[in-house]
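S.K.:
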Amino acid sequence: MRHSSAEKWEARLNSLIDEIDDLLEDRYGHKYRLHPARSQRGRTSSKSHDGLFNIVASFSLGAGSSLGRGYVVDVQLATLEKVPDEVIKEIESFTMKKVRERLDKYFPNRDLKADLDGDVIKIYGDLSLGRS
């Protein structure tokens, strides 16, 4: 059984991720053909199951990390096309910027940050559940 505060926290995180997904789909979704097994944007009940982007935020204990524990934001593209490295970097940079801009909206009065932890985006800082 999960703690209700943890469920509320992760629901807000999922809302943030869904908003980032929409921004990425609006900006890049028309530039590459979808994987043949992937549904068009908006055709499923979950943004992670349709459209060009699959974005997941997974908790990490932070072993070996300079930033410690937090949520790793993983952005995947559902296409068989070769996406140039510079476009991947642009998508990662855009994602980082948009996550940073929206942390206060979804987690007001928290000391949360988003930075690169190695080569992944990590949300870290005040992850306490006391003020979910």
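For my numbering, count along the sequence shown from 1 and bump the result up by 559.
Positions of the beta carbon are idealized from the N, C-alpha and C atoms, including for glycine.
Just so you know, these numbers come straight off a predicted model, no measurement behind them.
(1) For Asp685, count neighbouring Cβ atoms within 10 angstroms of its own Cβ and tell me buried if that reaches 16, exposed if not.
(2) Considering Phe653, what are the terminal residues of the alpha helix (DSSP H) in which it resides?
(3) Going by C-alpha to C-alpha distance, which of His562, Ser563, Glu651 and Glu640 sits closest to Val632?
(4) My understanding is that Leu694 touches Ile682, with C-beta atoms under 8 Å, so please give their C-beta distance in whole angstroms.
(5) Output the residue ranges of the beta strand (DSSP E) runs that lie fully inside the stretch 607–632 and measure 3 residues or longer, sorted by chain position.
(6) Could you spell out where the beta strand (DSSP E) holding Lys590 opens and where it closes?
(7) Going by CA-CA distance only, name the one from Ile614, Tyr587 and His589 that's closest to Leu575.
(8) According to DSSP, what are the bridge partners of Ile682?
(9) Counting only the same chain and skipping the five closest in sequence on each side, list residues whose C-beta sits under 6 Å from that of Ser553.
(10) Do you know offhand how far Gly583's Cα is from Asn668's?
M.R.: Looking at the atomic coordinates:
(1) Exposed.
(2) Per DSSP, Phe653 is one residue of the alpha helix (DSSP H) stretching across Asp644 to Tyr665.
(3) Closest option to Val632, Cα to Cα, is Glu651.
(4) Any answer about residue 694 is impossible in this case: the structure gives the chain only from 560 up to 691.
(5) You should have 612–619.
(6) No beta strand (DSSP E) holds Lys590; DSSP gives it neither H nor E.
(7) In terms of CA proximity to Leu575, Ile614 leads the group Ile614, Tyr587 and His589.
(8) Answer is Tyr630 and Ala673, bridged to Ile682.
(9) With the chain covering only 560 through 691, there is no way to say anything about residue 553.
(10) The amino acid occupying residue 583 in the given sequence is Leu; Gly does not appear at that position. Leu583 and Asn668 have their C-alpha atoms roughly 26 Å apart.
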